[in-house]
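First comes the structure, then the notes that go with it.
Now the structure itself:
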């Protein structure tokens with residue numbers, strides 16, 4: 519392997535494997551995305567996903583007139599429990615056949631030995647935002663993603679922090695209202711139980727069933743799935759029930775953010791995910807006001823709380839940046855010897 | 519400076535400056551405390567504290583037949599806001615004359631240039647426990663100290679984590695029961711407002727004024743200050759009000775610990791401070807049971823939750839270990855060049 523050449527052209531590829539699509543980017547050394555590509559995940563077996571990754575990468579290389587040997591590494595984001603050190607997917611909640619699948623080994627094998635790295639999708643979304651999105655230039659960044667559930671990630675000194683068990687960043691399972699309303703995992707008052715889209719929709723549904731008026735009344739009573747975009751539309755139209763519910767959600771987000779600022783004193787807290795992308799103006803101002811009240815002044819004066827900037831690119835961006843970091847660490851260790 | 523010799527005898531001294539006493543230890547390279555010394559803080563001006571530090575160190579050296587040149591560094595723990603990087607005390611809540619006092623510079627000056635380092639007392643207590651106490655052998659350790667207030671510290675990869683503003687570890691100011699009872703800093707439901715000795719005594723006092731029976735009835739109604747030892751004594755005698763109050767406190771401690779395990783996935787959570795030292799059996803079993811329910815299984819299976827082991831030595835131990843770490847980093851950087 520010609521490491522000198524690789525160091526001159528440290529292009530990397532990031533792949534975000536999701537339940538519905540596999541999404542990839544090719545990143546240059548200045549954090550510029552040179553190309554994007556995506557494929558439907560479909561059957562989602564390891565073989566099918568590997569095939570899609572291979573095709574995606576071919577597309578990215580073709581589109582940019584790049585050779586595979588100019589790619590120094592590939593970083594892959596995957597949902598669900600995995601071992602990032604060994605590059606093994608432990609299981610995949612919504613995809614079949616992934617029990618202890620050595621994903622990075624297989625990806626590397628089908629791509630002429632190009633090094634591959636693995637981490638979970640939320641961690642990589644946080645890393646992407648931290649280094650090339652909302653947190654650009656910062657060292658310590660917390661990512662909070664409000665969607666069906668609530669995911670989180672921690673970047674300290676520009677690196678992902680995994681903790682001892684590898685599970686660090688489970689912000690959704692922190693308790694912010696002990697004794698509060700029921701939450702997932704038989705808890706009460708967890709961040710996820712108070713701020714996920716699932717929780718928001720459940721609150722709206724309950725009030726509607728109790729007779730509250732809302733633009734969402736008909737779709738909810740007819741059993742339609744309420745997406746973040748529908749919430750955002752109703753919010754923008756001034757729907758009182760939706761406005762009130764999102765304001766309450768924002769308050770809980772603020773409590774979470776304020777507590778995390780006191781604990782970790784980061785440069786940036788990035789808020790992302792479907793709920794935030796659909797209606798940042800519903801969440802961000804209230805969340806900041808509440809967080810400011812909780813945070814100790816020194817920490818507050820050194821932090822930015824802001825919305826995510828990379829949208830669909832975040833996870834793949836994090837993958838590409840993870841690959842670059844790992845290759846760099848590898849090169850540094852080699853030089854030390 | 520003979521660095522080769524210093525590396526052969528990396529003895530360090532740790533000093534813990536408190537509101538009532540200045541406490542010091544001399545530590546050998548195997549984490550053995552060779553000597554302890556203490557002095558009353560008394561007037562507490564910088565000049566007086568410096569004089570006491572000088573005397574303490576003389577005592578430590580004499581007792582162990584050690585020369586000052588055999589000491590590679592001195593680590594000092596100090597209460598209140600400070601700048602650890604510059605070694606400057608920003609202010610001291612209960613001591614006069616400390617506004618922006620460059621403590622490490624002065625300590626180094628009166629000790630023939632021996633390098634001195636500074637951090638806050640709770641951080642150093644956590645570092646001491648993490649590396650040489652309850653967390654010995656671990657990489658990632660969270661310290662929670664329940665006393666008049668609630669202090670916290672974070673050790674990641676065997677190093678103190680300060681965050682961007684330097685204030686990281688303010689566990690006492692995290693919110694675990696949004697909308698809950700009043701807490702310090704005009705908050706509601708903060709860890710400090712629910713688990714400090716101050717909160718415990720206030721709860722007991724309120725119930726006694728409402729007519730509850732308790733062994734603490736007479737001392738509380740006569741305005742006596744209730745210390746942790748008095749709480750522990752009443753608990754051991756089965757005082758129902760005290761038992762109930764400490765059980766409730768323990769539940770809140772468990773909520774805090776469980777949430778922190780989900781966020782940071784540490785090896786060890788160390789519980790210390792006056793309340794814990796007086797009656798660990800009142801807090802620890804319930805806190806562990808509650809934390810286990812909250813923690814995600816992978817993180818729980820990799821963590822130990824246990825009481826602090828070093829008692830009064832913790833802060834000074836952390837100081838001595840901080841000095842050793844800093845000297846080591848300095849030596850490594852020099853070798854790299």
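Protein chains in written order, with our numbering: chain A, 519 to 855; chain B, 519 to 855.
Ideal Cβ placement from N, Cα and C applies to all residues, glycine included.
is_contact[residue i, chain B] using C-beta, thresh 8 Å
i             : result
residue 681/A : yes
residue 674/A : yes
residue 814/A : yes
residue 652/A : no
residue 610/A : no
residue 838/A : no
Sequence-distant residues of its chain with Cβ nearer than 7 Å to residue i (five each side left out)
i             : result
residue 632/B : 586, 589, 591, 592, 626
residue 636/A : 594, 596, 600, 602, 605, 621, 622
residue 523/A : Since pLDDT at residue 523/A reaches only 43, below the 50 mark, its modelled position is unreliable, and no value is offered.
residue 747/A : 796
residue 617/A : 609
Below-8 Å beta-carbon distance, residue i vs any chain A residue
i             : result
residue 773/B : yes
residue 685/B : yes
residue 749/B : no
residue 714/B : no
residue 717/B : no
residue 635/B : no
residue 770/B : yes
residue 598/B : no
residue 841/B : no
residue 820/B : yes
Spatial neighbours of residue i in its chain, beta-carbon cut-off 6 Å, leaving aside the 5 residues before and after
i             : result
residue 582/A : 544, 552, 553
residue 541/A : 534, 556, 834
residue 520/B : Summary for residue 520/B: the model assigns pLDDT 43, below 50, so the residue's position carries little reliability; its value from the coordinates is reported in the next sentence. There are no such residues.
residue 806/A : 823
residue 841/A : 530, 591, 592, 593, 635
residue 738/A : 723, 726
residue 767/A : 713, 718
residue 678/A : 641, 645
residue 837/B : 532, 533, 593, 594, 595, 642
residue 752/B : 733, 734, 760
Closest residue to residue i among the options (Cα-Cα distance)
i             : options                    : result
residue 808/B : 801/B, 773/B, 824/B, 835/B : 773/B
residue 648/A : 533/A, 799/A, 824/A, 665/A : 824/A
residue 575/B : 810/B, 737/B, 532/B        : 532/B
residue 688/A : 598/A, 630/A, 747/A, 732/A : 598/A
residue 716/A : 848/A, 665/A, 804/A        : 665/A
residue 763/B : 779/B, 743/B, 724/B, 783/B : 724/B
residue 537/B : 639/B, 785/B, 572/B        : 639/B
residue 680/A : 629/B, 779/B, 753/B, 663/B : 779/B
residue 561/A : 584/A, 612/A, 580/A, 578/A : 612/A
residue 662/B : 584/B, 642/B, 847/B        : 642/B
residue 781/B : 729/A, 691/A, 607/A        : 691/A
residue 821/A : 742/A, 656/A, 559/A        : 656/A
residue 798/A : 765/A, 786/A, 785/A, 811/A : 765/A
residue 547/B : 839/B, 847/B, 853/B, 618/B : 839/B
residue 721/A : 704/A, 705/A, 696/A, 749/A : 749/A
residue 658/A : 801/A, 786/A, 729/A        : 786/A
residue 559/B : 550/B, 549/B, 571/B        : 571/B
residue 685/B : 744/A, 784/A, 729/A        : 784/A
residue 573/A : 628/A, 614/A, 550/A, 802/A : 628/A
residue 847/A : 812/A, 650/A, 660/A, 676/A : 676/A
residue 705/B : 811/A, 539/A, 755/A        : 811/A
residue 653/A : 744/B, 741/B, 682/B, 667/B : 682/B
Same chain, Cβ closer than 8 Å to residue i, five either side skipped, listed in chain order
i             : result
residue 694/B : 707, 708, 709, 712, 770, 773, 774, 777
residue 757/B : 732, 733, 734
residue 550/B : none
Short CB-CB distance (under 8 Å) between residue i and chain E
i             : result
residue 590/A : In the structure shown, chain E cannot be found, because the protein chains are A and B.
Checklist entry - Which residues, in chain order, does the stretch 780–794 of chain B contribute to contact with chain A at a C-beta distance below 7 Å? => result 780, 781, 782, 783, 784, 785
- Taking Cβ-Cβ distances below 9 Å as the criterion, which residues of the stretch 686–705 of chain A are in contact with chain B? 686, 687, 688, 689, 690, 691, 692, 693, 694, 695, 696, 697, 698, 703, 704, 705
Across the stretch 560–569 of chain A and the stretch 812–825 of chain A, are there enough close Cβ pairs to call them in contact, namely three or more that are closer than 8 Å?
no
Any contact between the stretch 695–706 of chain B and the stretch 829–843 of chain B? By contact I mean 3 or more CB pairs, one from each, below 8 Å.
no
inquiry  = Any C-beta of chain B within less than 8 Å: which residues of the stretch 613–629 of chain A qualify?
reply    = none
Exercise. Taking 8 Å as the threshold, find out whether the stretch 787–800 of chain B comes into contact with the stretch 660–676 of chain A through three or more Cβ pairs.
Key: no
Near-chain A residues of the stretch 569–580 of chain B (beta-carbon distance less than 8 Å), N- to C-terminal order
none
Contact set between the stretch 656–673 of chain A and chain B, restricted to residues whose Cβ is under 7 Å from the partner: 657, 658
If the cut-off is 7 Å on Cβ atoms, which residues from the stretch 721–751 of chain B count as contacting chain A, listed in chain order?
none
Next on the checklist: Which residues of the stretch 637–650 of chain A have a Cβ closer than 9 Å to any Cβ of chain B? Give them in chain order.
Outcome noted: none
- Query: Using a beta-carbon distance cut-off of less than 7 Å, what residues from the stretch 536–557 of chain B approach chain A?
  - Reply: none
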